[in-house]
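Using full-length UniProt numbering, read the sequence shown as starting at 1 and increasing by one per residue. Beta carbons: idealized from backbone N, C-alpha and C, even for Gly. Just so it is clear, the structure is predicted and the values come from calculations on it, not from any experiment.
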Amino acid sequence: MVEIKFIDRRKCHRVVPMQVLCLGAGRTGTESMRRALQQLGYHETYHGFASAFETPLDSQMWLEACNAKFKGKGKPFNRHDWDQLLGHCQAVTDAPAMCFGPELIEAYPEAKVILTNRDVDSWHKSFTEAAVAPFYSLPGRITGFITWAMNSPFKYGQPVWKMVLEDFFHINPHAPNGIDTSAAKEVYRQHYAQIRKLVPKDRLLEYQVQDGWEPLCKFLGKEVRDAPFPRGNEKADLHERIEAYSRAQAKMLGMKLAQFVGIVLVAWAVKRWFSQ
Numbered sequence: 001m002v003e004i005k006f007i008d009r010r011k012c013h014r015v016v017p018m019q020v021l022c023l024g025a026g027r028t029g030t031e032s033m034r035r036a037l038q039q040l041g042y043h044e045t046y047h048g049f050a051s052a053f054e055t056p057l058d059s060q061m062w063l064e065a066c067n068a069k070f071k072g073k074g075k076p077f078n079r080h081d082w083d084q085l086l087g088h089c090q091a092v093t094d095a096p097a098m099c100f101g102p103e104l105i106e107a108y109p110e111a112k113v114i115l116t117n118r119d120v121d122s123w124h125k126s127f128t129e130a131a132v133a134p135f136y137s138l139p140g141r142i143t144g145f146i147t148w149a150m151n152s153p154f155k156y157g158q159p160v161w162k163m164v165l166e167d168f169f170h171i172n173p174h175a176p177n178g179i180d181t182s183a184a185k186e187v188y189r190q191h192y193a194q195i196r197k198l199v200p201k202d203r204l205l206e207y208q209v210q211d212g213w214e215p216l217c218k219f220l221g222k223e224v225r226d227a228p229f230p231r232g233n234e235k236a237d238l239h240e241r242i243e244a245y246s247r248a249q250a251k252m253l254g255m256k257l258a259q260f261v262g263i264v265l266v267a268w269a270v271k272r273w274f275s276q
């Protein structure tokens, strides 16, 4: 069962060494990689699910990082900032972290780098259907508005993912013929080329999840596991996280309504008292 925690990362610091940067784009097996790395002993392994569903206050710092990188607002993150945000992690995968590949490589030059990869056309189709379309759907927009209106701890996630999609992947939600995702393919190619250029070959693994345990374990200096390679990002996984998110939001909404009703009742009682 997914447990949602509200942690102020600005009060945190590094408690374990950062060892693996998995900088492949989302929808290339990043959740499977997260599970694989955790089975190999890398705790925690960070994933976009963490900022979206598990520790939503993380998105407050991701928003600062995105504003600095994409909007020129605020100070770009240095190692101290990354240690606060990711200090509990030995590995990272998925967005938003992969959007900061150069910054994380500079902050953690000792870490090994993995590029989860897949055919760009196959990736683009999956990315559009599983990430872009839900974000800009009517339910997605309504959810974003509700979290903002409630001043929910989840409110920081929406602007972070908006910048990931529009400022990093160059998605245009206002194109004449609907949402235009065509630029994302070139962003994907350029991102992978940039990481290859920045990382020495002996510290870089190009990987597809169907490759299984052997190349991954060899690269990380681990014994090859005699077990099926994990599969993540299945519908059941996402459903469980959405259920936990919905329960948390419903609880917060109930508290907000209770506060509102309480204020109304107090105001009514005061009015009655002074009108007697």
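What three-state label does DSSP hand residue i in the structure shown?
i, result
"Thr143", "helix"
"Thr30", "helix"
"Leu21", "strand"
"Val113", "strand"
"Tyr108", "coil"
"Asp180", "strand"
With distance defined between alpha-carbon atoms, name the residue in the options nearest to residue i.
i, options, result
"His191", "Thr116, Ala131, Val20 and Arg225", "Thr116"
"Ile7", "Ala193, His88 and Lys185", "His88"
"Tyr136", "Met163, Glu110, Arg118 and Asn151", "Met163"
"Gly101", "Asp202, Gly29 and Leu21", "Leu21"
"Leu198", "Lys71, Phe77, Ala107 and His13", "Ala107"
"Asp180", "Gln194, Phe70 and Leu165", "Leu165"
Using a Cβ-Cβ cutoff of less than 6 Å, which residues in the same chain neighbour residue i once the five nearest sequence positions on both sides are dropped?
i, result
"Leu204", "Val113"
"Leu85", "Arg9 and Met61"
"Asn67", "Lys73 and Gly74"
"Val16", "Gln90"
Output the distance between the C-alpha atoms of residue i and residue j, rounded to the nearest integer angstrom.
i, j, result
"Val120", "His174", "24 Å"
"Asn172", "Glu103", "25 Å"
"Thr5", "Phe154", "Note that residue 5 corresponds to Lys in the displayed sequence, not to Thr. If you take the alpha carbons of Lys5 and Phe154, they lie about 11 Å apart."
"Pro178", "Lys125", "The question names Pro, but residue 178 in the sequence shown is Gly. Approximately 16 Å, taken between the alpha carbons."
"His239", "Glu3", "The predicted model places His239 with a pLDDT of 49, which falls under 50 and marks its position as unreliable; any figure quoted below should be read in that light. In a straight line, the C-alpha of His239 is about 14 Å away from that of Glu3."
"His43", "Leu220", "14 Å"
"Arg14", "Trp82", "9 Å"
"residue 324", "Glu129", "As displayed, the chain neither begins before 1 nor continues past 276, which places residue 324 out of reach and without an answer."
"Trp161", "Thr143", "13 Å"
"Asp226", "Leu138", "45 Å"
"His170", "Val132", "11 Å"
"Ser59", "Pro176", "31 Å"
"Asp94", "Arg34", "9 Å"
"Thr28", "Cys12", "30 Å"
"Lys201", "Ser152", "44 Å"
"Asp211", "Trp148", "42 Å"
"His80", "Pro109", "14 Å"
Return the chain-ordered list of same chain residues with a C-beta closer than 7 Å to the C-beta of residue i, the five sequence neighbours on each side being excluded.
i, result
"residue 282", "Since the displayed the chain opens at 1 and closes at 276, residue 282 lies outside it and no answer follows."
"Phe77", "Ala65, Ala68 and Glu103"
My understanding is that residue i touches residue j, with C-beta atoms under 8 Å, so please give their C-beta distance in whole angstroms.
i, j, result
"Leu37", "Tyr156", "Actually they are not in contact, since the Cβ atoms of Leu37 and Tyr156 sit about 26 Å apart, beyond 8 Å."
"Phe127", "Gly26", "7 Å"
"Leu40", "Lys222", "5 Å"
Give me, in chain order, the residues of the same chain whose beta-carbon lies closer than 8 Å to that of residue i; leave out the 5 immediate sequence neighbours on both sides.
i, result
"Ser32", "Val209, Phe229, Pro230, Arg231, Gly232 and Asn233"
"Val187", "Phe168, Phe169 and His170"
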